[in-house]
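There are 2 protein chains.
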Amino acid sequence: MSLQIFLQHQARVLFSRTHSLKKYYPVAKLLELKTQLGGDEGRHQFTLKTAKGTRDYNPKQMAIREKVFNTIISCFKRHGAENIDTPVFELKETLTGKYGEDSKLIYDLKDQGGELLSLRYDLTVPFARYLAMNKVTNIKRYHIAKVYRRDNPAMTRGRYREFYQCDFDIAGQYDPMIPDAECLKIVHEILSELELGDFRIKVNDRRILDGMFAVCGVPDDKFRTICSTVDKLDKMSWEDVRSEMVKEKGLSEEAADQIGQYVSLQGGMDLAERLLQDAKMSQSKQACAGLTDMKQLFSYLQLFQVTDKVVFDLSLARGLDYYTGVIYEAILTQTGPVPVAATQNGAGEKAEEGVSVGSVAGGGRYDGLVGMFDPKGRKVPCVGVSIGIERVFSIMEQKAEASAEKVRTTETQVMVASAQKNLLEERLRLTAELWNAGIKAEVMYKKNPKLLSQLQHCEDSGIPLVAIIGEQELKDGVVKLRTVHSREEIDVSRAELVEEIKRRTSDV
Amino acid sequence: MSLQIFLQHQARVLFSRTHSLKKYYPVAKLLELKTQLGGDEGRHQFTLKTAKGTRDYNPKQMAIREKVFNTIISCFKRHGAENIDTPVFELKETLTGKYGEDSKLIYDLKDQGGELLSLRYDLTVPFARYLAMNKVTNIKRYHIAKVYRRDNPAMTRGRYREFYQCDFDIAGQYDPMIPDAECLKIVHEILSELELGDFRIKVNDRRILDGMFAVCGVPDDKFRTICSTVDKLDKMSWEDVRSEMVKEKGLSEEAADQIGQYVSLQGGMDLAERLLQDAKMSQSKQACAGLTDMKQLFSYLQLFQVTDKVVFDLSLARGLDYYTGVIYEAILTQTGPVPVAATQNGAGEKAEEGVSVGSVAGGGRYDGLVGMFDPKGRKVPCVGVSIGIERVFSIMEQKAEASAEKVRTTETQVMVASAQKNLLEERLRLTAELWNAGIKAEVMYKKNPKLLSQLQHCEDSGIPLVAIIGEQELKDGVVKLRTVHSREEIDVSRAELVEEIKRRTSDV
């Protein structure tokens with residue numbers, strides 16, 4: 006530490022102490038002391054926190070996060086996806102005009118000379134920029150990275166300003182609804198494997214929504230704003246949504262009521278067929294195209310055996326501007342912390358059916374976005390899904406808390422220990438032997454640690470084995486291998502130690 | 006896509022087209038057109054690039070990156086490390102006063118109301134903040150994440166403004182030099198396993214440097230600035246360094262020459278012993294403490310069998326302010342792209358010995374940093390190492406380019422294909438069966454793809470097997486399983502298909 010920094014630090018410590026000294030010293034004396042300690046650094050008390058809406062992950066949280074990511078990445082790889090990465094910030098103009106009203110939530114970097122930059126808001130727009138920039142017309146890729154939104158954080162509900170997105174997208178010109186069906190299959194697989202309890206995947210189509218607005222008499226220039234209001238149906242009652250449409254957005258009562266009839270509809274392929282026959286809906290070409298594709302989508306979903314969880318729901322209207330076709334959103338249908346017993350049964354009968362704890366995945370088709378970046382406007386049709394992983398983490402953490410099983414934060418197989426003094430060098434030598442053989446091993450950084458504290462560390466961190474050496478073991482060329490949970494000990498020859506450790510920890 | 010965005014987009018496309026139209030239309034006409042298309046969006050041409058000093062990773066680069074990360078993470082886990090994560094930005098004041106002259110390279114976020122934030126400059130300061138905030142006094146952790154520096158990028162040499170650091174640190178009050186030795190062992194393991202060619206790990210100690218400056222007659226207030234100049238010895242000749250000390254920094258010629266004699270020294274434990282006897286050096290208590298620890302360090306490094314690569318080098322002076330004890334830096338000793346043959350031999354005899362291609366790892370002890378964040382100034386001694394992974398990526402990429410072996414970007418085991426028409430549904434059904442059994446499978450998103458194009462995709466992306474179905478196979482309840490490289494085909498019963506694919510791809 007440099008002298009200057011040391012002094013700044015001392016100033017800070019001393020100044021924070023002065024608060025408790027106020028009753029003993031007069032203010033003038035304190036001010037003099039503060040001046041001696043040197044201006045700026047002493048002026049405010051040091052704030053020890055992370056930025057608003059962000060958090061650290063401790064080792065236990067990271068262990069859970071790693072498990073969740075492994076499940077998700079395995080699924081993406083099972084579907085043949087490649088992996089890409091893009092920078093955390095983009096040119097500001099790259100993000101401009103892509104997020105509608107949400108643009109105000111974008112974090113900008115300070116202008117320190119050079120380019121104007123913003124932190125990425127999602128992974129979809131950088132993906133589209135990547136495709137256009139590299140002239141990629143076909144790719145199936147996943148991207149797992151943090152995104153940034155200056156939103157009102159609600160951290161207990163898993164809403165942060167810095168959070169992970171896990172995105173899977175298929176870009177390319179293909180026959181209708183096949184990649185779209187695969188995205189839904191992926192959501193089904195991931196949510197099933199994570200054992201978060203029961204879930205529903207709502208599906209709709211931008212074209213069906215727009216067609217519906219048209220036939221209900223919504224003026225063209227009100228489509229997007231009425232769509233935003235419909236989007237609130239998962240949080241607001243129909244009465245409130247209707248009132249916002251009519252009173253705030255100036256829609257006629259007749260149009261609102263007609264919309265109300267449609268957005269209450271839910272079903273499957275049958276509903277798509279019925280609406281294709283509907284006197285009003287069938288007047289819209291857009292709606293018919295969307296409904297025909299919806300039928301096709303459900304036929305593929307039947308082949309994939311996922312129709313048990315998928316609902317065609319006319320009230321689903323995702324906010325982002327760039328969607329052009331099918332849209333979807335997955336919700337968990339249980340309230341509050343997931344009861345461990347219920348999720349283990351894969352059911353959740355006790356939980357209130359149909360009450361949403363929020364969206365855990367969402368996505369859709371965006372055929373126009375890449376073209377917005379291409380100098381010649383060449384289009385690359387895309388469809389994708391984003392797993393809202395923070396909410397999943399929250400649930401998994403609650404499950405881990407409720408569970409009797411301890412979360413291990415290391416994978417250490419063996420602790421190299423000794424009961425006697427002056428054996429540090431022998432412990433280090435043996436530990437290095439084990440490391441070189443690929444064994445995950447730990448050793449205490451003390452010259453003469455107590456055996457009890459070495460064993461205690463194993464108990465605390467779940468290390469299953471202890472390799473104990475003493476004068477006698479060294480003379481005999483053996484190691485005493487102790488199993489922590491049973492306290493059983495056997496002598497193993499030094500030459501066979503590595504194999505024996507591997508054998509005993511093969512399930513770790 | 007909303008109407009507004011669509012129009013903006015069209016404006017952009019049309020405006021970019023107008024450039025080629027200039028010869029046909031008068032300027033006035035063009036300006037009128039531009040105004041119709043709506044001001045702002047048309048004003049400048051769209052820039053399709055990533056921010057300066059940053060880059061995308063394509064799937065091939067990601068495959069290499071994943072391999073490198075796996076090697077590094079395996080090593081960290083072998084040494085019993087836990088994993089943590091911290092936000093990409095910190096309160097600005099958290100970073101203030103930690104980086105000396107480098108502070109000017111910190112990226113600040115724009116003040117959009119609320120807290121003043123900066124992107125993290127390294128992972129060490131956030132780690133210290135984490136320890137103080139959570140009152141952690143003992144932890145061995147790794148952290149792999151991106152850090153940000155507004156430096157002059159030199160991307161061909163692997164210097165970026167956004168880059169990964171892979172940090173391993175040990176915090177806690179332990180007996181001297183044991184954790185320090187483990188950090189060096191880790192660097193040795195990682196650089197050996199990555200097969201980057203020969204390397205050296207230079208070691209020194211802040212206390213030895215400071216003691217040396219004292220006995221050479223450097224005034225107390227010039228320690229840090231003279232240290233910065235010594236730090237340039239890996240890029241500048243001694244003559245230039247001497248000249249900077251004397252002419253720019255006002256050091257006496259005698260002091261500079263005495264420093265010159267010391268900083269030319271390299272060795273091992275023997276050098277530490279010699280300097281402990283050195284008439285001048287032995288006058289400094291600080292230097293003696295550092296030299297005694299250096300001897301101890303080398304004795305542990307001998308037990309770890311890594312002294313072949315470690316050099317005690319008095320010219321090593323790392324720039325960061327927060328180091329208090331041992332410091333180290335690993336360099337590759339080969340020039341330019343690593344010849345594949347040389348690294349495969351593990352040697353590199355043909356490369357010029359001793360010419361550095363730059364540091365690939367560095368670190369040291371920082372016993373005061375956590376205390377700077379603790380309101381009561383409580384100290385937590387720390388030592389750690391950071392792997393400079395971007396340079397490693399560059400080398401691995403060059404090796405991959407030079408190698409005949411193709412880098413696979415997916416792990417797909419089998420492609421579900423058909424030679425006949427109208428079998429899309431059957432292909433989808435079989436693919437879903439394979440996914441549900443955990444097989445990594447792909448299928449073409451076309452109703453009637455050509456068999457040749459399905460086989461071509463396997464060749465291109467290295468998929469080893471094709472599961473072909475036709476009318477006859479469906480009737481017989483079999484699948485034709487084709488091995489791509491040998492073109493051999495056998496009929497496998499549908500019930501045995503999963504096991505057969507697993508058996509044939511068990512080495513994938």
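Quick mapping for you: the protein sequence lines, in order, are chains A and B.
To convert a position in the first sequence, counted from 1, into the numbering used here, add 5.
To convert a position in the second sequence, counted from 1, into the numbering used here, add 5.
Think of the CB as a built atom: it goes at the ideal place given N, C-alpha and C, for glycine as much as any other residue.
The structure displayed is predicted, hence computed values, not measured ones.
query = Under a Cβ-count criterion, where at least 16 other Cβ atoms within 10 Å of its own Cβ denotes burial, should E194 (chain B) be classed as buried or exposed?
reply = Numbered from its first residue, the second sequence carries residue 194 (chain B) at position 189. Here E194 (chain B) is buried. Its C-beta has 16 or more other C-beta atoms within 10 Å.
key: A424 (chain B) (DSSP reduced to helix, strand or coil)   = Locating residue 424 (chain B) in the second sequence gives position 419, counting from the first residue. Coil at A424 (chain B), not helix or strand.
task = Could you tell me which chain B residues have their CB closer than 7 Å to the CB of Q310 (chain A), listed as they occur along the chain?
result = Start at 1 with the first residue of the first sequence, and residue 310 (chain A) comes out as number 305. A437, listed in chain order.
ask   = When the cut-off is 8 Å and only beta carbons count, does V167 (chain B) lie next to chain A?
value = Counting from one through the second sequence, the residue named residue 167 (chain B) turns up at place 162. The amino acid at residue 167 (chain B) is misidentified as Val; the sequence shows Glu. It does: the Cβ of E167 (chain B) has a partner Cβ on chain A nearer than 8 Å.
Where G393 (chain B) sits in the DSSP three-state scheme = By 1-based counting over the second sequence, the position of residue 393 (chain B) is 388. Reduced to three states, the DSSP call for G393 (chain B) is strand.
request  = Could you tell me which residues DSSP puts in a beta bridge with L124 (chain B)?
outcome  = Here residue 124 (chain B) refers to the residue found at position 119 of the second sequence. DSSP lists B:F94 as the beta-bridge partner residues of L124 (chain B).
task = Verify the CB distance criterion: does G351 (chain A) have a CB-CB separation below 8 Å to chain B?
result = Residue mapping note: residue 351 (chain A) aligns to position 346 of the first sequence, counting from 1. Since pLDDT at G351 (chain A) reaches only 38, below the 50 mark, its modelled position is unreliable, and no value is offered.
inquiry  = Beta carbons nearer than 9 Å to chain A: which residues of the stretch 132-150 of chain B have them?
reply    = R134, Y135, A137, M138, N139, V141, I144, K145 and R146
task = Use the C-beta contact count for T91 (chain B): other C-beta atoms within 10 angstroms, 16 or more gives buried, fewer gives exposed.
result = Locating residue 91 (chain B) in the second sequence gives position 86, where the first residue counts as 1. Answer is buried; the Cβ neighbour count reaches 16.
Uninterrupted beta strand (DSSP E) stretches inside the stretch 412-473 of chain A (no shorter than 3 residues) = 419-423 and 446-448
request  = Note the first and the last residue of the continuous beta strand (DSSP E) segment covering I332 (chain B).
outcome  = Position 327 of the second sequence, counted from the first residue, corresponds to residue 332 (chain B). V331 to L337 is the extent of the beta strand (DSSP E) around I332 (chain B).
inquiry  = Less than 6 Å between C-beta atoms, sequence neighbours within five positions excluded: which residues of the same chain meet that for D298 (chain B)?
reply    = By one-based count along the second sequence, residue 298 (chain B) stands at place 293. Here the set comprises P181 and M182.
Option in A:T234, A:L486, A:T436 and A:F303 with minimal Cα separation from L276 (chain A) = For this step, residue 276 (chain A) is matched to residue 271 along the first sequence. The option with the nearest alpha carbon to L276 (chain A) is A:F303.
task = Give the DSSP-derived three-state secondary structure of V315 (chain B) in the structure shown.
result = The residue you call residue 315 (chain B) lines up with position 310 of the second sequence. Correct three-state label for V315 (chain B): strand.
task = Would you kindly work out how many angstroms separate the C-alpha atoms of R154 (chain A) and R164 (chain A), rounded to a whole number?
result = By one-based count along the first sequence, residue 154 (chain A) stands at place 149. By one-based count along the first sequence, residue 164 (chain A) stands at place 159. If you take the alpha carbons of R154 (chain A) and R164 (chain A), they lie about 10 Å apart.
request  = Could you tell me whether the Cβ atoms of A1 (chain B) and L374 (chain B) are closer together than 8 Å?
outcome  = It is not possible to answer for residue 1 (chain B), since the shown part of chain B is limited to 6 through 513.
task = Taking C-beta pairs closer than 8 Å, name the residues in chain A that M67 (chain B) reaches, listed in chain order.
result = As a working note, residue 67 (chain B) is residue 62 in the second sequence. Neighbours of M67 (chain B) on chain A, chain order: E87, N88, I89 and D90.
key: For C80 (chain B), the residue or residues it bridges with in DSSP   = Taking the second sequence and counting its residues from 1, the one referred to as residue 80 (chain B) is at position 75. Beta-bridge pairing links C80 (chain B) to no other residue.
ask   = Can you list the residues of chain A that D180 (chain B) reaches, using a CB-CB cut of under 7 Å?
value = Numbered from its first residue, the second sequence carries residue 180 (chain B) at position 175. Neighbours of D180 (chain B) on chain A, chain order: Y450, K451 and K452.
Where the stretch 409-433 of chain B meets chain A: residues whose CB sits under 7 Å from a CB there = T414, T415, E416, T417, E430 and L433
ask   = In the DSSP assignment, what are the bridge partners of Q271 (chain A)?
value = Taking the first sequence and counting its residues from 1, the one referred to as residue 271 (chain A) is at position 266. In DSSP, Q271 (chain A) forms a bridge with A:D318.
ask   = Relative to the C-alpha of Q301 (chain A), which residue among A:K290, A:Q288, A:F317 and A:M286 is closest?
value = Reading the first sequence from its first residue, position 296 is the one you call residue 301 (chain A). For the residues A:K290, A:Q288, A:F317 and A:M286, the minimum Cα distance to Q301 (chain A) belongs to A:F317.
task = Report back the beta-carbon spacing between L479 (chain B) and E431 (chain B) to the nearest angstrom; my notes put them in contact at under 8 Å.
result = Numbered from its first residue, the second sequence carries residue 479 (chain B) at position 474. Numbered from its first residue, the second sequence carries residue 431 (chain B) at position 426. Correct: roughly 6 Å between the Cβ atoms.
request  = Using three-state DSSP, classify Q301 (chain A) as helix, strand or coil.
outcome  = The residue you call residue 301 (chain A) lines up with position 296 of the first sequence. Of the three classes helix, strand and coil, the one that applies to Q301 (chain A) here is helix, per DSSP.
key: Distance between E504 (chain B) and L502 (chain A) (C-alpha atoms, nearest Å)   = Numbered from its first residue, the first sequence carries residue 502 (chain A) at position 497. Numbered from its first residue, the second sequence carries residue 504 (chain B) at position 499. Near 34 Å, if we compare the C-alpha coordinates of E504 (chain B) and L502 (chain A).
ask   = Which residues mark the beginning and the end of the alpha helix (DSSP H) in which Y169 (chain A) is found?
value = As a position in the first sequence, residue 169 (chain A) is number 164, starting the count at 1. Unbroken run through Y169 (chain A) is the beta strand (DSSP E), E167 to A176; no alpha helix (DSSP H).
ask   = Is it true that the stretch 286-296 of chain B meets the stretch 209-221 of chain B, where meeting means three or more beta-carbon pairs spaced less than 8 Å apart?
value = yes
ask   = Does the beta carbon of E98 (chain B) sit closer than 8 Å to a beta carbon anywhere in chain A?
value = If you number the second sequence from 1, residue 98 (chain B) lands on position 93. True, the Cβ-Cβ gap to chain A drops below 8 Å.
query = Does DSSP put V220 (chain B) in a helix, a strand or coil?
reply = Against the second sequence, residue 220 (chain B) aligns to sequence position 215. V220 (chain B): helix per DSSP, three-state reduction.
request  = Consider the Cβ of N63 (chain A): report whether some Cβ of chain B lies at a distance smaller than 8 Å.
outcome  = Translated into positions along the first sequence, residue 63 (chain A) becomes position 58. With a threshold of 8 Å between beta carbons, N63 (chain A) makes contact with chain B.
inquiry  = Is there a Cβ of chain B sitting closer than 8 Å to that of K285 (chain A), yes or no?
reply    = As a working mapping, residue 285 (chain A) is identified with position 280 in the first sequence. No, K285 (chain A) does not count as interfacial toward chain B.
request  = Return no unless some Cβ of chain A is closer than 8 Å to the Cβ of P380 (chain B).
outcome  = By one-based count along the second sequence, residue 380 (chain B) stands at place 375. Yes - at least one Cβ of chain A is within 8 Å of the one on P380 (chain B).
query = At what residues does the alpha helix (DSSP H) containing I506 (chain B) begin and finish?
reply = Locating residue 506 (chain B) in the second sequence gives position 501, where the first residue counts as 1. First-last of the alpha helix (DSSP H) with I506 (chain B): L502 to R509.
message = For V311 (chain B) and H148 (chain A), I'd like the C-alpha separation in whole angstroms.
response = As a working note, residue 311 (chain B) is residue 306 in the second sequence. As a working note, residue 148 (chain A) is residue 143 in the first sequence. If I take the Cα positions, the gap works out to 38 Å.
ask   = Hey, how far is the Cα of E71 (chain A) from the Cα of E402 (chain B)?
value = Numbered from its first residue, the first sequence carries residue 71 (chain A) at position 66. Numbered from its first residue, the second sequence carries residue 402 (chain B) at position 397. Spanning the two alpha carbons is a distance of roughly 27 Å.
message = Helix, strand or coil for S197 (chain B)? Go by DSSP, reduced to three states.
response = Mapped onto the second sequence, residue 197 (chain B) falls at position 192. Three-state result, S197 (chain B): helix.
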